[in-house]
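Quick note, the sequences are listed as chains A and B, same order. Okay, so the first sequence: first residue is 1 according to our numbering, each after it adds one. Okay, so the second sequence: first residue is 1 according to our numbering, each after it adds one. Below is one structure, written out as structure tokens; the observations come after it.
Protein chains: 2
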Amino acid sequence: MAKLQALQDVANRLRINSIKATQASKSGHPTSCASMAEIMSVLFFDTMRYSLKEPRHPASDRLKYDVVGYSIFNVNTFLLLGKGHSAPILYAAWAEAGLFPVSDLLNLRKIDSDLEGHPTPRLNFVDVATGSLGQGLSVAAGMAVIGKYFDKTDFRTYCLIGDGESAEGSIWEAMAFASHYKLDNLCAIFDINRLGQSEPTSLQHNLDIYEARAKAFGFETIVVDGHDVAALVEAFAKASSTKGRPTAILAKTYKGKGFPDIEDKDNWHGKPLGDKADYVIKHLEGQLKNLSAAIQPFNPVAPEISLKVSLNEPPSYKLGDKIATRQAYGTSLVKLGNTNPRVLAFDGDTKNSTFSETYKKAFPDRYIECFIAEQNLVGVGIGAGCRGRAIPFVSTFAAFFSRAFDQLRMGAISQANIKCVGSHCGVSIGEDGPSQMALEDLAMFRTIPGCNVFYPSDAVSMERATELAAQRKGIDFIRTSRPATPVIYANDTVFEIGKSKVVHNDKVLLIGAGITLHEALKAADQLADQGVNCRVLDPFTIKPIDAAGILENAKACNGKIVVVEDHYPEGGLGEAVAGAISNSTGITMKHLAVREIPRSGPPADLIEKYGIGSNSIISAVKSFA
Amino acid sequence: MAKLQALQDVANRLRINSIKATQASKSGHPTSCASMAEIMSVLFFDTMRYSLKEPRHPASDRLKYDVVGYSIFNVNTFLLLGKGHSAPILYAAWAEAGLFPVSDLLNLRKIDSDLEGHPTPRLNFVDVATGSLGQGLSVAAGMAVIGKYFDKTDFRTYCLIGDGESAEGSIWEAMAFASHYKLDNLCAIFDINRLGQSEPTSLQHNLDIYEARAKAFGFETIVVDGHDVAALVEAFAKASSTKGRPTAILAKTYKGKGFPDIEDKDNWHGKPLGDKADYVIKHLEGQLKNLSAAIQPFNPVAPEISLKVSLNEPPSYKLGDKIATRQAYGTSLVKLGNTNPRVLAFDGDTKNSTFSETYKKAFPDRYIECFIAEQNLVGVGIGAGCRGRAIPFVSTFAAFFSRAFDQLRMGAISQANIKCVGSHCGVSIGEDGPSQMALEDLAMFRTIPGCNVFYPSDAVSMERATELAAQRKGIDFIRTSRPATPVIYANDTVFEIGKSKVVHNDKVLLIGAGITLHEALKAADQLADQGVNCRVLDPFTIKPIDAAGILENAKACNGKIVVVEDHYPEGGLGEAVAGAISNSTGITMKHLAVREIPRSGPPADLIEKYGIGSNSIISAVKSFA
């Protein structure tokens, strides 16, 4: 059949172009591309529907590509390439489809080319970056949730997964999630090419085990020869017609397939073919009948939505009333939900602690329970936020976001839009002990490029933090506190990202946030009784830090600062302030933080024991000459 | 049978004492304890062998306890409680065994008691802390590897896993690892009590699915009524006699079992029984025949080993020769292995990039491939390091340690001994692009309490960093660089943790590490030609940072510092220096770091593009007034 021959020709042209591109860049992974050439050919020229004019249309299918690390999302197919290092064949497929000239492929990995070593959304056909393995399927599942339950379009999501990559636990978190939510618009393709980076994978070509695992995790399974285009056409058709569960296509392939003397051989991971390239290209060219394949027509239809959002009514608290910021989070999320139905909440079975449960009670259809699997929780949130289809709020204990640091790191490269809300920070949570206390969360989120780090200290500023985060595109972190703390701001107070507020006046400058802002206020009151006046500053956001405000207020306070935080000394509020003042003279700072691993106990006792309470602040102020 | 009745009585006494302890602390998780009472009774008084005199003997069985979050290691049983929040029943079991008086249980969660909310090694019967879910099984597998392949004793390792917890992908990473290495001395017990924290688990009581998953991941499976002591006795006996594969006991249980009106009911997670306590205790007491059970005798036998270690020969490089620090890592590890056979290397299929392959080639039996599953990689390393049985070196790309941040965070609470070596840091890796570049690793490891952060800048200091890390107990991170850099130290140079070195003299103080130290040296040379002399400082360790050395040298250089790092600005070398100088006057600092998400390109081009190369350093020096 001419069509099948055309698909086979495309596969071999993709191989040839992957070799040429990696020869030009003198680095890259041509053998990882070769094992998936037929899969890419069939996906791009038979299975997926897409339009070159609107590569990111919300109704287009999605392909996530992930072979020993790819991930791409696409056009009317959300294609995610989990094994991102196979980027050259992704680029070759788009060139073959006509999105850009084939000659551009020779700019692979050049400093002024967007055809980077691993795909990023700097390219208009890539929705999320990949290259760190095992993250694609969660993102694809988040996209599939939007398509099935919110957009209700018939687009499909494809995610390519490498066999080495499938050892990542995050894959199995995503598998369990996808079957629980019956994501029949999701298809995972396992490129089982037997060889990892440094040795064969643990399961090699044992397809039976892969199939048993995928079945046990609730997937329809199809075992297929991954180099047989006819079998692949049939497999993808079957996946599309399967209802009520996602499908896993388990493709037996060979690394370096079609490269004589290289196919299925060890020690060829991540290496251009060098002086073997010409021979291999000639060999592949000899198999071409030079037929072309056309892309599948596509007429995008998706509901128009807006992400405009605000609190439907302002905060309404009484000064001095005690309310935990985590509780105000739930209240504020409902207020946002009242103005935009695309505000979605995700949690990892902690909703009755983080107060995302308040949102579930108000809008049960807009809450997605992700169970105890934080990598997938964040990945699903990133997927849901793609292409501007939702404002995802993701909550769990702040400490457990550390489980998803790599997803957040990649989220920044992916230009993701996700709002992370972490409760139970610091020693002020009390009796549950150190395993539940976030004491490094500020440092972690501060390293994420472009991430705003909010640390509101009362219910009024908490509601505004939620609103400010919802209104911008990007990654945000809001740190909420477990204990109830007094309302200190009038309901009409205006808050801005990167702008601090003076909440108490003069002399030495005290800077705290959350529970320690209240300790600073207590200390300031007691010091005032003793005739020592302190100015107290609420930074509101830790990143960006209000450097100008800090410098100005520090100068007005004789250059003396005491910073106090419920966090380890590294990378949090104290070092943010130290960095802000480091290029100025005449300003010195004392830094109070949790300097050992804490233990269980009542919150107030722990705060004093670890030197971040009002007594410690008073001592620090008095010790200033 | 009297023995079975005694085990049932113990189970109910454990329930009663769990209720009493959480009544006294007014917080805690009695219902999570109740579901596992029979399991704990049978483990402690029939299955496990241990001696109260030597709770941490290396030949003792190990129990890791992990029910919706426990983890304990034990006595001659390594018991790990994954579901750490069920700590009260662990403490109650030890009291029942006679390790301490039952009355101590009423001190649960008090600030001066080691009976914390979640177990930590502050208790002599706990080897690793738990409380963050899904980590226990990896640690247990690491212990089992030591027992089976290195100590070659017949101890067994038990890990209790909550059903909610089993949604964590790290569980499935550990399952795959345990079956790959045929760890028949490992038994995982799934406490399937149907209810999570905030709602039923996704699989509820669907035991068939649990069994299919465990089987597919290579475990022998036994489905059992988790409240039937006779069935449990038989199941554990069968597990002990199963060869060639680990066993999963899938126990159907009920949360709050035996508590009338509470058993199997939602909304009872993490709550003491309050005014229902007296009634429930009376009900349970009514079932007691008041029989006691004895612990199983144990005669510890394990090979005596020493962890004394050093390089068997000093570094032997020529000044100016170009060697990548990652390559010197492999060389130094072999030198350590020559003096101690318990130096073990673990990697996640990147051994040909990190150079742990050098060690595998020298000592194939001391290398354990962990495939692409970094959470499990770190967990296994922590387990291997328990009880002083090995010096585990764990390597992967530095960026991918972010996958295991939560394991490292818990590792600190566990007082773990593990050496993490991360390669491919910063933009200086070049063409692979941002997904592969570690630009936040320093910040992450700096937040780990007690962790030393080494950042050697040449092969000589690299070898000494490896040695210094091996010679101390605790968590260490060594950051290695991909490019080859010149040897700058004589082979007999002595290095110390927290001590920097001046490598070039005078005026403005330049501080760099790794690749940026070499850029600083280049800048200093060019500036000297222009008559501007700079002093260049190599900090060697980023944590602890040599605050005294920095202050002293800064003062000698007119208080002017330029810090340059191949890392994001937050939480790395720059903020460490900013923190060190923040309480001094007359010192100002300019900070060069990577301030946007980088892209693919040649290393040298990227270093200049992102403002951390010699030209940027020269500009910064000249801009000082």
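Each residue gets a CB set at the ideal place from its N, CA and C atoms; glycine is no exception. The model shown is predicted, which means the values in this text are computed figures rather than measured ones.
Reference residue i, options the options, closest by Cα
i               : options                        : result
T253 of chain B : B:R245, B:E234, B:V229, B:G244 : B:V229
A302 of chain B : B:A384, B:I209, B:A237, B:D151 : B:D151
V334 of chain B : B:I323, B:Y367, B:S306, B:L319 : B:Y367
A167 of chain A : A:Q197, A:L183, A:C159, A:T201 : A:T201
K360 of chain B : B:I511, B:G330, B:G385         : B:G330
E431 of chain B : A:E116, A:E575, A:I16, A:D9    : A:E116
N267 of chain A : A:P30, A:K318, A:M1, A:V532    : A:P30
R599 of chain A : A:T541, A:G433, A:Q327         : A:G433
A528 of chain B : B:K543, B:S138, B:N417, B:K507 : B:K507
L273 of chain B : B:D264, B:F259, B:H424, B:D566 : B:F259
F624 of chain B : B:A604, B:T588, B:E596, B:F393 : B:T588
K110 of chain B : A:K110, A:P603, A:K622, A:L133 : A:P603
R245 of chain B : B:A214, B:K271, B:A470, B:G270 : B:A214
R464 of chain A : A:G270, A:S310, A:E285, A:H180 : A:S310
Interface residues of chain A facing residue i [CB-CB closer than 8 Å]
i               : result
R213 of chain B : R213, A216, F217
H424 of chain B : Within chain A, no residue comes near H424 of chain B; the closest Cβ sits about 12 Å away, beyond 8 Å.
G84 of chain B  : S435
A373 of chain B : A167, E168, G169
P602 of chain B : I111
K596 of chain B : First, the residue type needs correcting, since residue 596 of chain B is Glu and not Lys in the sequence shown. Within 8 Å Cβ-Cβ: P449.
Cβ-based neighbour list, residue i, same chain, cut-off 7 Å, excluding 5 preceding and 5 following
i               : result
K308 of chain B : N340
D347 of chain B : T354, S356, E369, C370, S395, T396
K322 of chain B : A484, T485, P486
A93 of chain A  : L14, M40, F44
V42 of chain B  : L7, V229, L232, V233, F236
I146 of chain A : A384, R389, A390
F405 of chain A : M444
L408 of chain A : V378, I448, I475
N553 of chain A : V502, L509, R535, L537
Contact set for residue i: own chain, Cβ-Cβ below 8 Å, skip 5 residues either direction
i               : result
S35 of chain A  : V67, D191, N193, G226, T253, Y254, K255, G256, K257
D492 of chain B : P314
E374 of chain B : G348, T396, F400, F401, R403, A404
Nonlocal neighbours in the same chain, by C-beta distance under 6 Å from residue i, ignoring five residues either side
i               : result
A580 of chain B : I545, A547, I550
V343 of chain B : L336, G337, I391
N17 of chain A  : A92, L105
K560 of chain A : V508, F624
A470 of chain B : V309, L336, I391
Listed by chain order, chain B residues near residue i by CB distance under 7 Å
i               : result
F236 of chain A : In chain order: nothing, as chain B lies at least about 24 Å away.
A129 of chain A : S435
E440 of chain A : R409, T447
D365 of chain A : Within chain B, no residue comes near D365 of chain A; the closest Cβ sits about 16 Å away, beyond 7 Å.
Chain-ordered chain B contacts of residue i [CB-CB under 8 Å]
i               : result
K590 of chain A : N583
Interface residues of chain A facing residue i [CB-CB closer than 7 Å]
i               : result
R446 of chain B : E570, G571
N124 of chain B : Going along chain A, no residue has its Cβ under 7 Å from N124 of chain B, so there is no contact; the nearest lies around 16 Å.
A176 of chain B : A167, S202
L133 of chain B : I372
T350 of chain B : Q197, S198
W172 of chain B : G169, W172
Interface partners of residue i on chain B, CB under 9 Å
i               : result
S25 of chain A  : E431, S600
E357 of chain A : S198
Legend entry - Ranges of the alpha helix (DSSP H) found wholly within the region 450-530 of chain A, counting only runs of at least 4: 459-470, 515-529
Inset, instruction - May I ask you to list, following chain order, the residues of the region 394-418 of chain B that have a beta carbon less than 8 Å from some beta carbon of chain A? - result: Residues of the region 394-418 of chain B with a C-beta less than 8 Å from any C-beta of chain A: A399, F400, S402, R403, F405, D406, R409, M410, A412, I413, listed in chain order.
Inset, instruction - Would you list, in chain order, the members of the region 606-618 of chain A that have their beta-carbon closer than 8 Å to a beta-carbon of chain B? - result: Hits within the stretch, in order: L606, K609.
Inset, instruction - Closer than 8 Å, Cβ to Cβ, to anything on chain B: give me those residues from the region 134-149 of chain A, in chain order. - result: G134
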